[in-house]
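In the order they appear, the protein sequences are chains A and B.
Anchor point for the first sequence: position 86 equals 996 in the working numbering, and the numbering is continuous, going up by one each time.
Anchor point for the second sequence: position 83 equals 412 in the working numbering, and the numbering is continuous, going up by one each time.
All C-beta atoms in this analysis are idealised placements derived from N, C-alpha and C, irrespective of residue type, glycine included.
Because the structure is a prediction, the values reported are computed rather than measured.
Report on the following structure.
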Amino acid sequence: MSVKVKISSLLRGSTNGQEIVEVTGNTPLECLHSLESKFPKMKKWLYDKKGELRPQVWFFVNGERIFRDDLNKPLNDGDELFVLLAISGG
Amino acid sequence: MMLTKEELVRYERQIIVPEWGKAGQEKLKKSKILVAGAGGLGSALLTYLAIAGVGKIRVIDGDKVELGNLNRQMLHADKDIGREKVDSAKERLESLNPDIQIEAVGEIITEENIFDLVEDYPIVDAMDNLPARYLLNRVTVRRNLPLFHGAVYGFEGRATTIIPGDTPCLKCLYQGVLPGKTPVVGVTPGIIGCIQATEVIKYIIGIGELLTNRLLIYDGLGMRFNEVKVKRDPNCEECKAK
């Protein structure tokens, strides 16, 4: 199904500046993979050297945080996924 | 704690805010707050807490002022290079408002000292690293203290207010952060620090709606604010350990 993915400003360098990207996927994880296939440069931000999804990648569905256990839960058509990176500067 | 004639003049423009009043100002005067970090975030929020009239501010920072700090840490200046940040901060804040009490604690936060440093103060998280933030969070959770959190990276910033039992704790939210040296544009901690100070003031006076269970996201490049809902992590080790 069609899902809008909102991209954190920190990741927009990998999406040619696009803030909203439309992808297809039934779950947040599928949407993420769809996003990566469109913008492969994003992978270095999302995955560590072992290929594991970094713990500092946050996901929100329709403005609400989801946890790793929820990444394979089904989405609905028109849902919005927000991918954000955890930061710690001060 | 009655306000003096000078205080009524100094704070007049905020006292006339309907939600604030003399009662709100008196609450600020009686209050105490701990600010962990006198850097980018700390500079802005300490300034605004001091001039708003928060009666007692404990500032903790174990670093010395360096030239590379001065694009964003506006409490400090060239003349302060080499000084303890807390000393430079105390001097500047006292010059802004001689009526309040600034306690400068030049220590690095560790597991061994954190509980003694915090005591029962509400905490503002103006740190620049996750391990120290986790320690502040631990005290927050164990002692039921509010934690006013902010973080920055380049042109992006975040803020949320943590109330143990009601909101996610910091460990519910963060399981890791972007590695490496953090780029920081001066205005970003300025904005997020002001948001944190606003939250502290609202909390002390008891007005407005706090950023609880919400994460405010500032995107300076797009000049947008986004807001998302955050919730407690049922698997959070810190919450479970309480």
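- Within the segment 368 to 450 of chain B, the runs of beta strand (DSSP E) that reach at least 3 residues and sit entirely inside it are, in chain order, 385 to 389, 430 to 434.
- Two segments are said to touch when three or more pairs of C-beta atoms, one from each, lie closer than 8 angstroms; by this definition the segment 365 to 373 of chain B touches the segment 448 to 455 of chain B.
- Not flagged as an interface residue toward chain B: Phe969/A, since no C-beta distance is shorter than 8 angstroms.
- Rounded to whole angstroms, Lys351/B and Gly927/A show a C-alpha spacing of 49 angstroms.
- Distance between Leu375/B and Ala526/B, taken at the CA atoms: about 8 angstroms.
- Within the DSSP bridge table, the entry for Ile491/B names Leu476/B as partners.
- Remark: C-beta atoms of Ile429/B and Ala379/B approach each other more closely than 8 angstroms.
- Among the CB atoms of chain B, one or more fall inside 8 angstroms of the CB of Phe977/A.
- When the five nearest sequence neighbours on each side are left out, the beta carbons in the same chain lying within less than 7 angstroms of the beta carbon of Glu567/B are those of Asn466, Arg467, Val470, Cys498, Lys500, in order along the chain.
- Residue state for Tyr463/B is assigned as helix, using DSSP reduced to three classes.
- Collapsing the DSSP output to three states places Asp987/A in coil.
- Legend: CB atoms of the segment 467 to 497 of chain B lying less than 9 angstroms from CB atoms of chain A belong to residues Gly479, Ala480, Val481, Tyr482, Gly483, Phe484, Glu485, Gly486, Arg487, Pro497.
- The count of Cβ pairs closer than 8 angstroms, one atom from the segment 442 to 449 of chain B and one from the segment 404 to 416 of chain B, stays below three, leaving the stretches out of contact.
- The alpha-carbon separation between Pro950/A and Val559/B amounts to approximately 28 angstroms.
- Taking 8 angstroms as the CB threshold, Phe992/A lines the interface with chain B.
- Rounded to whole angstroms, the separation of the alpha carbons of Phe969/A and Arg472/B is 30 angstroms.
- In the structure shown, Arg978/A adopts helical secondary structure according to DSSP, grouped into three states.
- With the rule of 3 Cβ pairs closer than 8 angstroms, the segment 333 to 340 of chain B does not count as touching the segment 954 to 964 of chain A.
- Per DSSP, Tyr503/B lies in no beta strand (DSSP E) segment and is marked neither H nor E.
- Distance from the Cα of Ile976/A is smallest, within the candidate group Glu962/A, Asp987/A, Ser918/A, Phe992/A, for Phe992/A.
- Close to Met403/B, with beta-carbon spacing below 7 angstroms, lies no residue of chain A; the smallest spacing is near 14 angstroms.
- When secondary structure is reduced to three states using DSSP, Glu962/A falls in the coil class, being assigned neither helix nor strand.
- By the 16-neighbour rule on beta-carbons within 10 angstroms, Ile437/B is exposed.
- Interface criterion met: the Cβ of Leu995/A is under 8 angstroms from a Cβ in chain B.
- Contact between the segment 981 to 998 of chain A and the segment 349 to 366 of chain B is absent, with fewer than three C-beta pairs closer than 8 angstroms.
- For Val453/B, the closest Cβ of chain A is not nearer than 8 angstroms.
- Taking a cut-off of 8 angstroms on C-beta distances, the segment 503 to 511 of chain B does not touch the segment 393 to 404 of chain B, as fewer than three cross pairs fall below it.
- In the three-state reduction of the DSSP assignment, Trp349/B falls in the coil class.
- Lys951/A sits in a helix when the DSSP states are folded into three classes.
- Taking C-alpha positions only, Asp562/B is separated from Glu341/B by approximately 43 angstroms.
- For Lys385/B, there are no C-beta contacts with chain A under 8 angstroms, since the nearest C-beta of that chain is about 22 angstroms from it.
- DSSP places Tyr532/B in the helix class (H, G or I) of the three-state scheme.
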